[in-house]
Amino acid sequence: MRHMHGRVGQSLGSCRSAAIRSLIDAGRDLLKRMLQAPRHSQPDHLNAAFAAYHLEDYALTVSEWEVASGNGKPGGPRELRADAALAAAHADRKLGRVEASDVILDEWERRVSSRIEDNPRPEPYLWYRHASVATIRGDRAAALRHIQRAIDEGWRQHWRPHVEPALAELRDDRDFQAMMSGLETRMRVSCANNSPTTKPCGRNGVAERQHNPVHAPSRTARQRRRLKRSRHTVPPFHLQPQPGDPHMKIQSLGHVVIKVRNIEKSTEFYSGLLGLPVVAQNEKPKMAFFSLGNHHDFAVMEVGEDAEGTTGKQVGLAHVAFKVGDDLDALREAKSHLEGAGVQSAPVDHEVTKSLYFSDPDGNQVELYVDASDAWREEPQRVAQSGPLAL
Numbered sequence: 007m008r009h010m011h012g013r014v015g016q017s018l019g020s021c022r023s024a025a026i027r028s029l030i031d032a033g034r035d036l037l038k039r040m041l042q043a044p045r046h047s048q049p050d051h052l053n054a055a056f057a058a059y060h061l062e063d064y065a066l067t068v069s070e071w072e073v074a075s076g077n078g079k080p081g082g083p084r085e086l087r088a089d090a091a092l093a094a095a096h097a098d099r100k101l102g103r104v105e106a107s108d109v110i111l112d113e114w115e116r117r118v119s120s121r122i123e124d125n126p127r128p129e130p131y132l133w134y135r136h137a138s139v140a141t142i143r144g145d146r147a148a149a150l151r152h153i154q155r156a157i158d159e160g161w162r163q164h165w166r167p168h169v170e171p172a173l174a175e176l177r178d179d180r181d182f183q184a185m186m187s188g189l190e191t192r193m194r195v196s197c198a199n200n201s202p203t204t205k206p207c208g209r210n211g212v213a214e215r216q217h218n219p220v221h222a223p224s225r226t227a228r229q230r231r232r233l234k235r236s237r238h239t240v241p242p243f244h245l246q247p248q249p250g251d252p253h254m255k256i257q258s259l260g261h262v263v264i265k266v267r268n269i270e271k272s273t274e275f276y277s278g279l280l281g282l283p284v285v286a287q288n289e290k291p292k293m294a295f296f297s298l299g300n301h302h303d304f305a306v307m308e309v310g311e312d313a314e315g316t317t318g319k320q321v322g323l324a325h326v327a328f329k330v331g332d333d334l335d336a337l338r339e340a341k342s343h344l345e346g347a348g349v350q351s352a353p354v355d356h357e358v359t360k361s362l363y364f365s366d367p368d369g370n371q372v373e374l375y376v377d378a379s380d381a382w383r384e385e386p387q388r389v390a391q392s393g394p395l396a397l
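Listed below in structure tokens is the structure:
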């Protein structure tokens, strides 16, 4: 591998599985070229096993793993060893070698559990490893629990089913889809705001979690400069239109209407689960109107079961937010209520609010939040913060 040049050599020179992940996005042909390279060391064989796995050559995956681990513990970076081990375990499953797969999974599950027990604040990716093991074993319930724990602890990397064959088997699971939608919202907000709890976004738009967010500074120097500028560029907050203001006199946000496939399902979700009172209904078009004190504050409109779903990259509404209280107990109660109905959510700390993100039956994003700070009144830029939230 050290004899390779150009793009492939630059990507693979470190023998890190993260480089392979980038190659998967770039194209399968690069992975094939990688497998043609000479293999001189255990890390080379681990990389080959991981690449073969993503090319769905399961026999070669197992073979390369066995070569790498033939003399005991494989060498190479820990992350690469773990990725290759889980790839081999999943490949064994695909080949019907369940016992061989369980041997690998038992060992790695023991290692991950030990690292979690020995660390007062384990890194979120350890729960991600637990989720991968559970998925390969076919235990979806455990996998979803571990994924939710990883998200709760601040995980925001690698959630790409098209490059995670084990997780890809969960892609049709409604709870998994809700978790991923909530996580994507968190990442988009973090990337847009460059939150103090995240590093700048990478080429794929994914914000990387700092190693020790508990001790992270409240603001970076760059953010302090930006905040200082914002005090001169953001107009003061006025609860009512000011005399002499040349702009249109919009007094408040009146209501939001979203499109849904099935009016009955959506009414049950927003009224039966979230508790929004229905105050009116319409037949043509089919609509349901909900009120939180006004004539109506929110409505859903049926467009048919054949309507296209939402995607991450399209213009339109990102999410609708509803306030549920003024303290974390109210948010915890909301989270428990959602979980009781089988709806998974992603907690996010926005500093001025604490929030939960999840999806409705049609994939529309919903936020439930509690107010946490009035700092935005003096420093408007404070609303543009985002970070992990443990509930």
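For what it's worth, the working numbering labels the leading residue of the sequence shown as 7, then goes sequentially.
Note that CB positions come from ideal geometry on N, CA and C, so glycine has one too.
Name the two residues that bound the continuous alpha helix (DSSP H) containing Lys341. Locating residue 341 in the sequence shown gives position 335, counting from the first residue. Start and end: Leu334 to Gly346.
Counting C-beta neighbours from all protein chains within 10 Å, is the total for Ser120 16 or more, i.e. buried, or is it exposed? Within the sequence shown, residue 120 is the residue found at index 114, counting from 1. Its Cβ having fewer than 16 others within 10 Å, Ser120 is exposed.
Distance between beta carbons of His343 and Phe304, contact taken as under 8 Å: Residue 304 sits at position 298 when you count from the first residue of the sequence shown. Residue 343 sits at position 337 when you count from the first residue of the sequence shown. Phe304 to His343, Cβ: 18 Å. No contact.
For Asp332 and Gly322, the rounded distance between their alpha carbons: As a first step, residue 322 is located in the sequence shown; it is residue number 316 there, counting from the start. As a first step, residue 332 is located in the sequence shown; it is residue number 326 there, counting from the start. Between Gly322 and Asp332, the alpha-carbon positions lie close to 29 Å from each other.
May I have the straight-line CA-CA distance separating Arg383 from Ile256, to the nearest angstrom? Stepping through the sequence shown from its first residue, residue 383 is reached at position 377. Stepping through the sequence shown from its first residue, residue 256 is reached at position 250. Approximately 20 Å, taken between the alpha carbons.
For Glu289, which of Ala95, His302 and Met307 has the nearest alpha-carbon? Start at 1 with the first residue of the sequence shown, and residue 289 comes out as number 283. Ranking the options by Cα distance to Glu289, first place goes to Met307.
Of all the options Tyr134, Gln320 and Leu101, which has the alpha carbon lying nearest to the alpha carbon of Glu62? Working through the sequence shown from its first residue, we reach residue 62 at position 56. The shortest C-alpha separation from Glu62 is found at Leu101.
What do you get for Lys319, buried or exposed, if any count of 16 or more other CB atoms within 10 angstroms of its CB means buried? The count along the sequence shown starts at 1 and reaches residue 319 at position 313. By the 10 Å Cβ count, Lys319 comes out exposed.
Met185 in three-state terms, based on DSSP: Along the sequence shown, read from residue 1 onward, the residue named residue 185 stands at position 179. Residue state, collapsed to three classes: helix.
Does the segment 43 to 56 come within contact of the segment 87 to 94, defined as at least 3 CB pairs closer than 8 Å? yes
On the three-state DSSP scale, how would you describe His238? Along the sequence shown, read from residue 1 onward, the residue named residue 238 stands at position 232. Bear in mind that the predicted position of His238 carries a pLDDT of just 38, short of 50, making it unreliable; the figure below should be weighed with that in mind. Here His238 sits in helix by DSSP.
Beta-carbon gap between Val354 and Leu395 smaller than 8 Å: Position 348 of the sequence shown holds residue 354. Position 389 of the sequence shown holds residue 395. Yes, these two residues count as a Cβ contact at 8 Å.
Distance, Pro49 Cα to Arg116 Cα: In the sequence shown, the residue the question calls residue 116 occupies position 110. In the sequence shown, the residue the question calls residue 49 occupies position 43. Those two C-alpha atoms are separated by around 22 Å.
Could you give the residue range of the alpha helix (DSSP H) that holds Tyr134? For the purposes of this step, residue 134 is taken as residue 128 along the sequence shown, with counting starting at 1. Start and end: Pro130 to Arg143.
If you run the structure through DSSP and keep just helix, strand and coil, what is Pro367? Mapped onto the sequence shown, residue 367 falls at position 361. In this structure, Pro367 counts as coil in the three-state DSSP scheme.
Would Gly310 be called buried (16 or more neighbouring beta carbons within 10 Å of its own) or exposed? Here residue 310 refers to the residue found at position 304 of the sequence shown. Exposed, by the Cβ-count rule.
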